[in-house]
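See structure below.
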Amino acid sequence: MNTHTSVFGIFEPGPGWLFRLPVGWKYLLVLVLSIPTLVVAQWWFTLACLAVVLAVAATSGLVPRRMLRLGWMLWAMLGVLFLFHLATLHPTAAVMRPGNILVAVLAARLLTLTTSLPVLMDALATALAPLRLVRLDPAQAALAVALMIRSIPFLMGTVDDARDAANARGLGRNPARLLTPVMLGAVGYAERTGEALQARGIGDIQS
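Numbering (the working numbering), first residue to last: 434 to 640.
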């Protein structure tokens with residue numbers, strides 16, 4: 434499939450400093466890079482933060498091509514947002530709105546491209562430890578987040594595959610031709626995920 438991992442990317446071990454940074458500091462780095470753009474709300478600050486994110490990636494061996502491989506749907510959404518604000522005569526918003534989203538996504542990719550999913554889950558489970566006070570299992574909550582992270586790019590890839598198949602048959606302009614394979618792909622993915630969880634003794638219903 435084309436974009437199953439385009440938004441969050443696939444972790445591949447590397448020698449850069451960001452790969453060696455403890456995961457807690459990486460989570461903090463994501464917050465430091467993405468939240469100030471929402472607080473300052475200035476177009477020049479958004480561009481500065483974008484440059485900083487790309488610089489952090491470059492100094493750790495994450496090339497721009499890999500960092501910017503986000504999938505056509507996200508780029509299309511950012512493009513539409515940019516053109517909308519430009520058409521409504523809000524050039525600063527045209528930079529800030531899509532720019533802030535891009536900064537947040539790229540900052541998140543600094544985390545996911547340099548950290549394995551099990552490490553991310555362990556760190557998240559530790560952070561969610563207070564949930565035990567309300568009788569919720571932090572490990573299962575972390576697992577739910579991990580499944581969401583894996584599911585979103587998979588479903589995006591399913592849409593891409595369905596579109597490519599429809600285009601190959603000359604049916605690319607018919608949305609109805611995309612709905613069935615996308616729904617079947619989503620249901621099949623959910624079933625396989627459920628079977629995998631049950632095989633590991635997770636999610637069994639207790640009477």
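Beta carbons: idealized from backbone N, C-alpha and C, even for Gly.
Can you tell which of Leu-561, Val-538, Asp-555, Thr-559 has its C-alpha closest to the C-alpha of Val-486? The option with the nearest alpha carbon to Val-486 is Val-538.
Have a look at Ala-556 and Val-463 and give me their C-alpha separation to the nearest angstrom. Taking C-alpha positions only, Ala-556 is separated from Val-463 by approximately 14 Å.
Quick one: give me the first and last residue of the alpha helix (DSSP H) that Ala-558 is part of. Element bounds for Ala-558: 550-560.
Using DSSP with H/G/I as helix, E/B as strand and the rest coil, what is Gly-457? Helix.
Leaving out the 5 sequence neighbours to the left and right, which residues in its chain are closer than 8 Å to Pro-497 when beta-carbon positions are compared? Cβ within range, chain order: Leu-487, Ala-490, Ala-491.
Would you call the region 549-568 and the region 446-466 touching, i.e. three or more CB-CB distances under 8 Å? The region 549-568 makes contact with the region 446-466: 3 or more CB pairs, one atom from each, lie closer than 8 Å.
Beta-carbon contacts of Glu-445 that lie in its chain and below 8 Å, excluding the five residues immediately before and after: So the qualifying residues of the chain are Leu-546.
CA-to-CA distance, His-523 to Leu-543, given in whole angstroms: About 30 Å.
Answer with buried or exposed for Leu-535, where buried requires no fewer than 16 other C-beta atoms within 10 angstroms of its C-beta. Buried.
Quick one: Cα of Leu-451 to Cα of Ser-493, how far? C-alpha of Leu-451 to C-alpha of Ser-493: approximately 6 Å in a straight line.
Burial state of Pro-551 (16 or more Cβ within 10 Å): Pro-551 comes out exposed.
Return the residue from the list Gly-442, Leu-569, Ala-598, Arg-568 that minimises the CA-CA distance to Leu-499. Checking the displayed sequence, the identity of residue 499 turns out to be Arg instead of Leu. That would be Gly-442, whose Cα lies nearest to the Cα of Arg-499.
Does DSSP put Phe-452 in a helix, in a strand, or in coil? Collapsing the DSSP output to three states places Phe-452 in a helix.
Pick out whichever of Gly-504, Ser-549, Met-529 has its Cα sitting closest to the Cα of Phe-515. Ranking Gly-504, Ser-549, Met-529 by CA distance to the CA of Phe-515 puts Met-529 first.
Measuring only the C-alpha atoms, how far is Leu-410 from Val-465? The chain is shown only over 434 to 640; residue 410 falls outside these bounds and no answer can be derived.
Among Gln-475, Leu-483, Val-456, Pro-455, whose alpha-carbon lies nearest the alpha-carbon of Ser-467? Ser-467 has its Cα closest to that of Leu-483, out of Gln-475, Leu-483, Val-456, Pro-455.
Cα-Cα separation, Thr-479 to Leu-454: In a straight line, the C-alpha of Thr-479 is about 25 Å away from that of Leu-454.
Helix, strand or coil for Val-486 per DSSP? Of the three classes helix, strand and coil, the one that applies to Val-486 here is helix, per DSSP.
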